[in-house]
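Line by line, the protein sequences are chains A and B. The C-terminal position of the first sequence is numbered 348 in numbering that gives the first Met the number 0, with every residue numbered one higher than the one before it. The C-terminal position of the second sequence is numbered 348 in numbering that gives the first Met the number 0, with every residue numbered one higher than the one before it. Idealized CB from N, CA, C, for every residue including glycine.
There are 2 protein chains.
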Amino acid sequence: MALLSGSANEQCTVALDGTGGDHQLDTRPVVDAVRFALALYPSLYLIVFGSSQLELDLTKAGVNKKRYEFRLAQQSIPQDEAPRSVLTNYAHSAMVQALECVKSGQAQAMLSSGGTGPLVTLARHILGVQQLSAAKVKLKSKLGLCPRSGRVRPCFAARIPVGPQRFALMLDLGANATCSAADLYDFACLGHACAQLSLERDHPRLALLNVGVELGKGNALVQRAKDILEQDRSLQFTGFIEANRIFNDDADVIVTDGFTGNVALKAAEGVANIYASSAGMKKFFAKMARPDWLLPWQYNGSVLLGVNGIVVKSHAAAGKEALAVAMVEAARAAQANLAAKMQERLTAQ
Amino acid sequence: MALLSGSANEQCTVALDGTGGDHQLDTRPVVDAVRFALALYPSLYLIVFGSSQLELDLTKAGVNKKRYEFRLAQQSIPQDEAPRSVLTNYAHSAMVQALECVKSGQAQAMLSSGGTGPLVTLARHILGVQQLSAAKVKLKSKLGLCPRSGRVRPCFAARIPVGPQRFALMLDLGANATCSAADLYDFACLGHACAQLSLERDHPRLALLNVGVELGKGNALVQRAKDILEQDRSLQFTGFIEANRIFNDDADVIVTDGFTGNVALKAAEGVANIYASSAGMKKFFAKMARPDWLLPWQYNGSVLLGVNGIVVKSHAAAGKEALAVAMVEAARAAQANLAAKMQERLTAQ
Numbered sequence: 000m001a002l003l004s005g006s007a008n009e010q011c012t013v014a015l016d017g018t019g020g021d022h023q024l025d026t027r028p029v030v031d032a033v034r035f036a037l038a039l040y041p042s043l044y045l046i047v048f049g050s051s052q053l054e055l056d057l058t059k060a061g062v063n064k065k066r067y068e069f070r071l072a073q074q075s076i077p078q079d080e081a082p083r084s085v086l087t088n089y090a091h092s093a094m095v096q097a098l099e100c101v102k103s104g105q106a107q108a109m110l111s112s113g114g115t116g117p118l119v120t121l122a123r124h125i126l127g128v129q130q131l132s133a134a135k136v137k138l139k140s141k142l143g144l145c146p147r148s149g150r151v152r153p154c155f156a157a158r159i160p161v162g163p164q165r166f167a168l169m170l171d172l173g174a175n176a177t178c179s180a181a182d183l184y185d186f187a188c189l190g191h192a193c194a195q196l197s198l199e200r201d202h203p204r205l206a207l208l209n210v211g212v213e214l215g216k217g218n219a220l221v222q223r224a225k226d227i228l229e230q231d232r233s234l235q236f237t238g239f240i241e242a243n244r245i246f247n248d249d250a251d252v253i254v255t256d257g258f259t260g261n262v263a264l265k266a267a268e269g270v271a272n273i274y275a276s277s278a279g280m281k282k283f284f285a286k287m288a289r290p291d292w293l294l295p296w297q298y299n300g301s302v303l304l305g306v307n308g309i310v311v312k313s314h315a316a317a318g319k320e321a322l323a324v325a326m327v328e329a330a331r332a333a334q335a336n337l338a339a340k341m342q343e344r345l346t347a348q
Numbered sequence: 000m001a002l003l004s005g006s007a008n009e010q011c012t013v014a015l016d017g018t019g020g021d022h023q024l025d026t027r028p029v030v031d032a033v034r035f036a037l038a039l040y041p042s043l044y045l046i047v048f049g050s051s052q053l054e055l056d057l058t059k060a061g062v063n064k065k066r067y068e069f070r071l072a073q074q075s076i077p078q079d080e081a082p083r084s085v086l087t088n089y090a091h092s093a094m095v096q097a098l099e100c101v102k103s104g105q106a107q108a109m110l111s112s113g114g115t116g117p118l119v120t121l122a123r124h125i126l127g128v129q130q131l132s133a134a135k136v137k138l139k140s141k142l143g144l145c146p147r148s149g150r151v152r153p154c155f156a157a158r159i160p161v162g163p164q165r166f167a168l169m170l171d172l173g174a175n176a177t178c179s180a181a182d183l184y185d186f187a188c189l190g191h192a193c194a195q196l197s198l199e200r201d202h203p204r205l206a207l208l209n210v211g212v213e214l215g216k217g218n219a220l221v222q223r224a225k226d227i228l229e230q231d232r233s234l235q236f237t238g239f240i241e242a243n244r245i246f247n248d249d250a251d252v253i254v255t256d257g258f259t260g261n262v263a264l265k266a267a268e269g270v271a272n273i274y275a276s277s278a279g280m281k282k283f284f285a286k287m288a289r290p291d292w293l294l295p296w297q298y299n300g301s302v303l304l305g306v307n308g309i310v311v312k313s314h315a316a317a318g319k320e321a322l323a324v325a326m327v328e329a330a331r332a333a334q335a336n337l338a339a340k341m342q343e344r345l346t347a348q
């Protein structure tokens, strides 16, 4: 399952925002997840930011102090705080401090279950945004797309299970609620590079999520994005994909806007949850029936691609296992040096 | 399960477009579905439009000739045919003839598995579009929304299973790939009226599909739609709903644009299919595990709301059971006189 090729023996440090998500009052899921992640990943070291209660509960639970360091961060950022306020009023928040750790090199990755909006705004601001290659910028200019001086539009990507030991990347999953066709092109470039690095596919098959596979289907956004993707010969663009085929290994990279991507994955999760939440014998059968590779918490841990540093977001409502899996995801990305390698690939393409 | 209150004893006639969908060459699914639907619904009479092969196969299969009438329609419309061509070149197609049957009163409903685009274009053109009440038109004008002389924007609605014997309505599921906030308001009005009629809820809870439930979440479209819905006191607008809660009975009417709605339902279907397609013992367990109310073919049969006649669309790839269920759905809507009652409600609100 080690999809990123870093060595798990070198120590790597992940900064954990312990204040976000639905764990504000009950620290147990965070404490359990920390224990679980440290057990799963022997070379992981954590810098945990959070409340004094969290500090106390980590100590009480007997978590090995050699494996983590605690830093107090009482301030937490409301999920829907306005970007301007996020940038000016939360210097002492766990989220800002964890990102600063990545910026300064104290940590190789950070993980947060906090609000998507604040996390994307702060990550872009603190870590900076990656650059597309000169060739891509030229193509965008030629197509009349504002190339934003070459800066890529960051987006959330997650690995989607598509079979035993097989994954696809889907992006954007919610970093951008409104996207232009140029943004979808950026996501495609990021997804292409990330699939090469993390899925080890030399020529990832890239598809655009749509309501049908026929050429004329969908809205103006996907039609325009299709036209652009067809112009870039360095990408293996295979056309449209419908949402009922997301899990069928038809594509290695599934590109969509952040609104649609978020809805698609959550709808899928909703059905999986219905199976998982049955009672009595049905619960037993559901457990037996679930394909081994379709574990709900394998979804957890979206990586923010396109920023100069590794930022992983966990579901706000993630259970302890899911949160631990996201920590391991962050550690793997860190050991594979994902952010720096992404910039190398983006520049080379 | 009889959600619409018509009597199943009176004969009702459904016109069936037997040429659409993925059954163009293999007529068996259509033949089997016809037999199955006639058995399920004793008062159903069908006018079947299709190829001479279909006519032959229906005869060969020994389907009771007192229960259906066959009319030859060799022409079929490509899924992605352009609207202008659809309106001018296909007078002899099964889809056009089936719609004409509804228009003339020969049939009380029609069913097609053909292309969404052609079906919506033709249904609007042949049957005409329903009207919003004067009060709604006034509200739309006041809010600066072009009220299109009171004509509603038609959309596809389907019943979503949300528990044993419980359903919600979701709309639009793909009639409109691009929607304005005013369109979402129209869908809300249609959904409200339809839920009152078909789910027998006096005050249906109405929610807007979004990527989060916090007030500021989502794109400009859902934000604007929320502002509009809050202005209409006759609707019980409860706010946003996330896609992982679609099946959890949090709302009676789930409003979304046709692109997002289509993706959400197909993603859900994709996961259900993975369970259903397991092999060996896992297949057995999956069958045992499936909540009784979450049958995949219960999704089938979206009703086009907002036109002056009952138009039901079946999945292009629907199996025979699903196609039969869609026929029964059409018959039930016909016996409940859904289209006429919808116009009454819309005018009264």
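Sequence-ordered contacts of the segment 59-85 of chain B with chain A read Q78, D79 [C-beta pairs closer than 7 Å].
Distance between A/K225 and A/L71, taken at the CA atoms: about 48 Å. At a cut-off of 8 Å between beta-carbon atoms, A/I273 makes contact with chain B.
At a cut-off of 8 Å between C-beta atoms, B/E268 counts as an interface residue with respect to chain A. Here B/K65 is exposed, its C-beta having fewer than 16 other C-beta atoms within 10 Å. By DSSP's assignment, A/T12 forms a beta bridge with A/Y44.
The segment 67-83 of chain B and the segment 46-54 of chain B touch, with three or more beta-carbon pairs separated by less than 8 Å. In the structure shown, A/V212 adopts coil according to DSSP, grouped into three states. Using beta-carbon distances, A/V210 counts as an interface residue toward chain B, with a partner under 8 Å. With respect to A/V33, A/V13 sits apart: the two C-beta atoms are not nearer than 8 Å. If you check the CB distance, A/S197 and A/Q348 do not come in under 8 Å.
The C-beta distance from B/L228 to B/L207 rounds to 7 Å, short enough to fall under 8 Å. A/G116 and B/Q96 have their C-alpha atoms some 51 Å from each other.
Separation of the CB atoms of A/V306 and A/G127 is rounded to 7 Å, and the pair is thereby assigned contact status at 8 Å. For A/N261, the chain B residues whose C-beta falls within less than 7 Å of its own C-beta are V210, listed in chain order. At a Cβ-Cβ threshold of 8 Å, B/D251 and B/L220 do not count as neighbours.
At a Cβ-Cβ threshold of 8 Å, A/M341 and A/I245 do not count as neighbours.
Proximity of B/R244 to chain A, defined by a Cβ-Cβ separation below 8 Å, is satisfied.
Taking 8 Å as the upper bound on Cβ-Cβ separation, chain A lies near residues G173, A176, T177 of the segment 156-179 of chain B. Classified as buried, B/Q107 has 16 or more neighbouring CB atoms from the shown chains inside 10 Å of its CB. For B/I125, the enclosing alpha helix (DSSP H) has its first and last residue at 115-126. If you draw a straight line from the Cα of B/E343 to the Cα of B/I125, it comes to about 20 Å. Spanning the alpha carbons of A/L118 and A/T18 requires a straight line of approximately 13 Å. With contacts defined as CB atoms closer than 8 Å, B/C100 and B/A333 fail to qualify as a contacting pair. For B/T18, the secondary structure class from DSSP, reduced to helix, strand or coil, is coil. A/F35: member of the alpha helix (DSSP H) spanning 27-39, first to last residue.
Looking at the backbone, the Cα of A/D79 and that of A/F35 are separated by about 30 Å. Annotation: A/G238 is outside any alpha helix (DSSP H); the continuous beta strand (DSSP E) that includes it extends over 235-240. Annotated three-state conformation of A/S111 is strand, per DSSP. At least 8 Å separates the CB of B/A206 from every CB of chain A. With respect to chain A, the C-beta atom of B/K216 has a partner C-beta closer than 8 Å. By a beta-carbon distance limit of 8 Å, B/L43 contacts B/A330. Their separation comes to about 5 Å. Neighbours of A/E320 across chain B, judged by C-beta separation under 7 Å, do not exist; the nearest C-beta is about 17 Å away. In this structure, the beta-carbon distance from A/A267 to A/L110 does not fall below 8 Å. At a cut-off of 8 Å between beta-carbon atoms, B/E343 makes no contact with chain A. Per the DSSP secondary-structure output, A/I273 pairs with nothing in a beta bridge.
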